[in-house]
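Q: Going down the list, the sequences are from chains Z and P.
Residue 24 in the numbering used here is what sits at position 24 of the first sequence, and the numbering runs on without skipping anything.
To convert, take the position in the second sequence, counting from 1, and add 1000; that gives the numbering used here.
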Amino acid sequence: MLNKYLFVAFSALWLLFFIYAWSLSRRQARLQNELEELKSKQGVRSQESDVANQK
Amino acid sequence: MGKTLPTVHLLVTLAWMLLAFWMIFLYAPQELTMGEVQRIFYIHAPLGWVAGTAYTIVFISSVTYLSKRSPLADDLAHASGEVGFIFCSSLLFTGPLWAKPVWGIWWTWDPRLTLTFVLWLLFVSYLMLRSYVASPGRAATLAAVVGIIGYVDVPIDYMAIRWWRTQHPQPVIAGGEGSGLDPRIFLTFMVCVGAFHCLFSYLLAQRFRLARARREVSALRRSLAPRSSED
Chain Z
1 MLNKYLFVAF SALWLLFFIY AWSLSRRQAR LQNELEELKS KQGVRSQESD VANQK
Chain P
1001 MGKTLPTVHL LVTLAWMLLA FWMIFLYAPQ ELTMGEVQRI FYIHAPLGWV AGTAYTIVFI
1061 SSVTYLSKRS PLADDLAHAS GEVGFIFCSS LLFTGPLWAK PVWGIWWTWD PRLTLTFVLW
1121 LLFVSYLMLR SYVASPGRAA TLAAVVGIIG YVDVPIDYMA IRWWRTQHPQ PVIAGGEGSG
1181 LDPRIFLTFM VCVGAFHCLF SYLLAQRFRL ARARREVSAL RRSLAPRSSE D
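(1) Can you list the residues of chain Z that K1100/P reaches, using a CB-CB cut of under 7 Å?
(2) If the criterion is Cβ atoms closer than 9 Å, does the pair F1059/P and V1154/P meet it?
(3) With distances taken Cα to Cα, identify the nearest neighbour of T1056/P among K1003/P, P1046/P, G1150/P, T1114/P.
(4) Between the C-alpha atoms of D1202/P and Q28/Z, what's the straight-line distance to the nearest angstrom?
(5) If we count the other Cβ atoms within 10 Å of its Cβ and call it buried at 16 or more, is D1231/P buried or exposed?
(6) Have a look at F1117/P, R1222/P, A1160/P and flag the residue whose alpha-carbon is nearest the alpha-carbon of A1051/P.
(7) At a CB distance below 9 Å, what residues from the region 25 to 42 of chain Z approach chain P? Give them in sequence order.
(8) May I have the straight-line CA-CA distance separating V1012/P from L1005/P, to the nearest angstrom?
(9) I'd like to know if V8/Z contacts chain P, where contact means its C-beta is closer than 9 Å to some C-beta of that chain.
(10) DSSP state of G1104/P, grouped into three classes?
(11) Comparing C-alpha positions only, which one of E1082/P, Q1206/P, W1049/P sits nearest to M1159/P?
(12) Evaluate the contact criterion for the region 1185 to 1194 of chain P versus the region 1023 to 1041 of chain P: three or more CB pairs, one atom per stretch, below 8 Å.
(13) Which residue from S49/Z, E36/Z, L13/Z, F17/Z puts its Cα closest to that of L1220/P?
(14) Check the C-beta distance from A1020/P over to A1195/P and give it rounded, since I have them as a contact under 8 Å.
(15) Bridge partners for G1081/P per DSSP, in chain order?
(16) Of all the CB atoms in chain P, is at least one closer than 9 Å to the CB of A12/Z?
(17) Starting from K41/Z, follow the alpha helix (DSSP H) in both directions and report where the run begins and ends.
(18) Which value, in whole angstroms, describes the spacing of the CA atoms of G1081/P and N53/Z?
(19) Can you tell me the Cβ-Cβ gap for L13/Z and S1090/P, rounded? I've got them flagged as a contact below 8 Å.
(20) How many angstroms separate the CA atom of V1063/P from the CA atom of I1156/P?
(21) Which chain Z residues sit within Cβ distance under 7 Å of R1221/P?
(22) Only counting the same chain, and skipping five residues up and downstream in sequence, which positions put a Cβ closer than 7 Å to that of A1144/P?
(23) Report yes or no: is there a C-beta of chain P within less than 9 Å of the C-beta of F18/Z?
(24) Would you call W1164/P buried or exposed, if buried means 16 or more other Cβ atoms sit within 10 Å of its Cβ?
(25) Is there a C-beta anywhere in chain Z that falls below 9 Å from the one on I1203/P?
(26) Compare the C-alpha of R1138/P against each of I1043/P, R1069/P, G1035/P and name the closest.
(27) Name, please, each residue of chain P whose Cβ falls closer than 8 Å to the Cβ of A21/Z.
(28) Helix, strand or coil: how does DSSP classify G1095/P here?
(29) Can the beta-carbon of P1111/P be found closer than 9 Å to that of I1161/P?
(30) Please report how far the alpha carbon of Q1030/P lies from the alpha carbon of A1045/P, in whole angstroms.
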């Protein structure tokens, strides 16, 4: 039978790493969305200023 | 190309970890005096090595940041500080789980344990400084100073079990006369050290990408801000 200390050490360690990797990917996805939103805003702004310059 | 390298890195890490697991439970022989619980050694000691590597990266990146004011170095230091904190916390968690059945106590304030706890506190203060100082430039400079001054703990922590008689086991690798490991235990240990460094480098790369993306978002926000106030 697996020693209880060994079991706790291994399972808690992998749980911690899994949670950390998951939080990293969530933060990455959130930033990616924000980045795309800001880039599209920037695109709209530059189009607006082009139109204003033409007028 | 952008996603190929991280995917390959992740697959290599997973394969290496599986090999390490197989070796820990099926290849390495059972230690005679401690029995099954000694297998915690294969994760506990490599976690310590990785924590030392992480703080060394913080130190080198902090020196680079202060001398060249390179944002890349600052991002690398921050990323290594955060991932190193995870590894150092795991080190402090697995240590007592090995100590209790072997020593009969969870913790003792011997030099090795105390210095490792100080290392953990250094990671915590490094990250707290980065979170609580409002100005990003000032936070980076102060954190770099902590990263450099705190590094003095790493070599002393490494040497603690060589300089003093401690409750913590004496070194079994590079420990001088009388130290050493069974070849199968040594091989398993080295595979585990490699696997944990591979996992660390993967998480570090991901955290570094996050820091770069955050910097890009801040720059874009700043470039849009003056016009937003006119809306």
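Note that the Cβ used here is the ideal one computed from N, Cα and C, for glycine as well.
Bear in mind the structure is a predicted one, so any value in this text is a computation, not a measurement.
A: According to the data block:
(1) Reading the second sequence from its first residue, position 100 is the one you call residue 1100/P. What K1100/P touches in chain Z: Y5.
(2) Within the second sequence, numbered from 1, the residue matching residue 1059/P stands at position 59. Within the second sequence, numbered from 1, the residue matching residue 1154/P stands at position 154. Taking the C-beta atoms as reference points, V1154/P is found nearer than 9 Å to F1059/P.
(3) Position 56 of the second sequence, counted from the first residue, corresponds to residue 1056/P. For the set K1003/P, P1046/P, G1150/P, T1114/P, the Cα lying nearest the Cα of T1056/P is the one of G1150/P.
(4) By one-based count along the second sequence, residue 1202/P stands at place 202. By one-based count along the first sequence, residue 28/Z stands at place 28. Correcting the residue type first, residue 1202/P is Tyr in the shown sequence and not Asp. Roughly 14 Å between the two C-alpha positions.
(5) Sequence index remark: in the second sequence, residue 1231/P carries index 231 (1-based). Legend: pLDDT at D1231/P = 42, less than 50; position of this residue unreliable, no value from coordinates given.
(6) Here the question's residue 1051/P lines up with position 51 in the second sequence. With distances taken between Cα atoms, A1051/P lies closest to F1117/P.
(7) For the region 25 to 42 of chain Z, which is checked against every Cβ of chain P, the residues closer than 9 Å are S25, R27, Q28, L31, Q32, E34, L35, L38, K39, K41, Q42.
(8) As a first step, residue 1012/P is located in the second sequence; it is residue number 12 there, counting from the start. As a first step, residue 1005/P is located in the second sequence; it is residue number 5 there, counting from the start. Rounded to whole angstroms, V1012/P to L1005/P spans 10 Å at the Cα level.
(9) As a working mapping, residue 8/Z is identified with position 8 in the first sequence. Judged by the 9 Å Cβ criterion, V8/Z is in contact with chain P.
(10) As a working note, residue 1104/P is residue 104 in the second sequence. It is coil, neither helix nor strand.
(11) Against the second sequence, residue 1159/P aligns to sequence position 159. A check of alpha carbon separations from M1159/P across E1082/P, Q1206/P, W1049/P identifies W1049/P as the nearest.
(12) Counting C-beta pairs closer than 8 Å gives three or more between the region 1185 to 1194 of chain P and the region 1023 to 1041 of chain P, which meets the contact rule.
(13) Your numbering for residue 1220/P matches position 220 in the second sequence. Nearest in C-alpha terms to L1220/P, of all of S49/Z, E36/Z, L13/Z, F17/Z, is E36/Z.
(14) One-based indexing of the second sequence puts residue 1020/P at position 20. One-based indexing of the second sequence puts residue 1195/P at position 195. About 4 Å; that satisfies the 8 Å criterion.
(15) One-based indexing of the second sequence puts residue 1081/P at position 81. Note: G1081/P sits in no beta bridge, so no partner.
(16) Mapped onto the first sequence, residue 12/Z falls at position 12. Chain P, which has a Cβ nearer than 9 Å to the Cβ of A12/Z, makes this yes.
(17) For this step, residue 41/Z is matched to residue 41 along the first sequence. For K41/Z, the enclosing alpha helix (DSSP H) has its first and last residue at 4 to 54.
(18) Indexing the second sequence from 1 puts residue 1081/P at position 81. Indexing the first sequence from 1 puts residue 53/Z at position 53. Each residue's alpha carbon lies about 48 Å from the other.
(19) Sequence index remark: in the first sequence, residue 13/Z carries index 13 (1-based). Sequence index remark: in the second sequence, residue 1090/P carries index 90 (1-based). By a beta-carbon distance limit of 8 Å, L13/Z contacts S1090/P. Their separation comes to about 5 Å.
(20) Here the question's residue 1063/P lines up with position 63 in the second sequence. Here the question's residue 1156/P lines up with position 156 in the second sequence. Roughly 20 Å separates the two Cα atoms.
(21) One-based indexing of the second sequence puts residue 1221/P at position 221. Those are L38, listed as they occur along chain Z.
(22) Working through the second sequence from its first residue, we reach residue 1144/P at position 144. Once the five neighbours on either side are set aside, the close Cβ partners of A1144/P are S1062, Y1065, L1066, A1077.
(23) Counting from 1 along the first sequence, the entry for residue 18/Z is found at position 18. Interface with chain P (9 Å Cβ-Cβ cutoff): F18/Z is excluded.
(24) The residue you call residue 1164/P lines up with position 164 of the second sequence. Within a 10 Å sphere around the beta-carbon of W1164/P sit fewer than 16 other beta-carbons, which makes this residue exposed.
(25) Against the second sequence, residue 1203/P aligns to sequence position 203. Just to set this straight, residue 1203/P is Leu in the shown sequence, not Ile. At least one C-beta of chain Z is nearer than 9 Å to the C-beta of L1203/P.
(26) Translated into the one-based positions of the second sequence, residue 1138/P becomes position 138. The candidate whose alpha carbon is nearest that of R1138/P is R1069/P.
(27) To locate residue 21/Z, count along the first sequence from 1; it is residue 21. Result: L1203, Q1206.
(28) Locating residue 1095/P in the second sequence gives position 95, where the first residue counts as 1. In the structure shown, G1095/P falls within a helical segment according to DSSP collapsed to helix, strand and coil.
(29) Taking the second sequence and counting its residues from 1, one reaches residue 1111/P at position 111. Taking the second sequence and counting its residues from 1, one reaches residue 1161/P at position 161. At a Cβ-Cβ threshold of 9 Å, P1111/P and I1161/P count as neighbours.
(30) Stepping through the second sequence from its first residue, residue 1030/P is reached at position 30. Stepping through the second sequence from its first residue, residue 1045/P is reached at position 45. The C-alpha of A1045/P is placed about 17 Å away from the C-alpha of Q1030/P.
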